[in-house]
Amino acid sequence: MNDIAEVMKLGLLLERKLSERGLVDQNGDLTSPFLPTDIEEKLDGLIENPIELEGILRLANAARRGEALSAPVANATRLMIEEICNALFEPDEFQKITRIH
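Sequence positions in the sequence shown follow the working numbering and run 188 to 288.
This is how it looks when you write it as structure tokens:
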């Protein structure tokens, strides 16, 4: 699977996970400028602040809308979303979900 397809798939998974906590609205935007402490701790070292997370979500949304992402941007976004999903999902849960999709 190419980077763009992975960004689209993983972006949806990330949005779903954040939406379960009420952190993302229907447009895929963060609902608060602050993240809950448990999520901040899980993402420590991956992102510095919620603005970075929102940027990643916006790139995933852009990919789903068919907007062009350069190969380096698509690759970097895929890697970041994978790392964020690995941090937020339970290991077994993330592996099962990514195998199914």
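For each residue, glycine too, the CB sits at the ideal point set by N, CA and C.
Restricting attention to 204, 276, 237 and 271, the CA atom closest to the CA of residue 217 is found in 237. Annotation for residue 269: 197 place their beta carbon closer than 7 Å to its own, counting only its chain and skipping 5 residues before and after.
One thing to note: residue 234 has its Cβ no nearer than 8 Å to the Cβ of residue 275. DSSP, reduced to helix, strand and coil, places residue 217 within a strand of the structure shown.
Residue 203 and residue 215 have their C-alpha atoms some 9 Å from each other. Its chain contains 261, 262 and 265 as the residues whose beta carbon lies nearer than 6 Å to that of residue 190, once the 5 sequence neighbours on both sides are disregarded; these appear in chain order. Residue 279 and residue 230 have their C-alpha atoms some 18 Å from each other.
For residue 197, the enclosing alpha helix (DSSP H) covers residues 190-207. Here the alpha carbons of residue 194 and residue 249 stand approximately 10 Å from one another.
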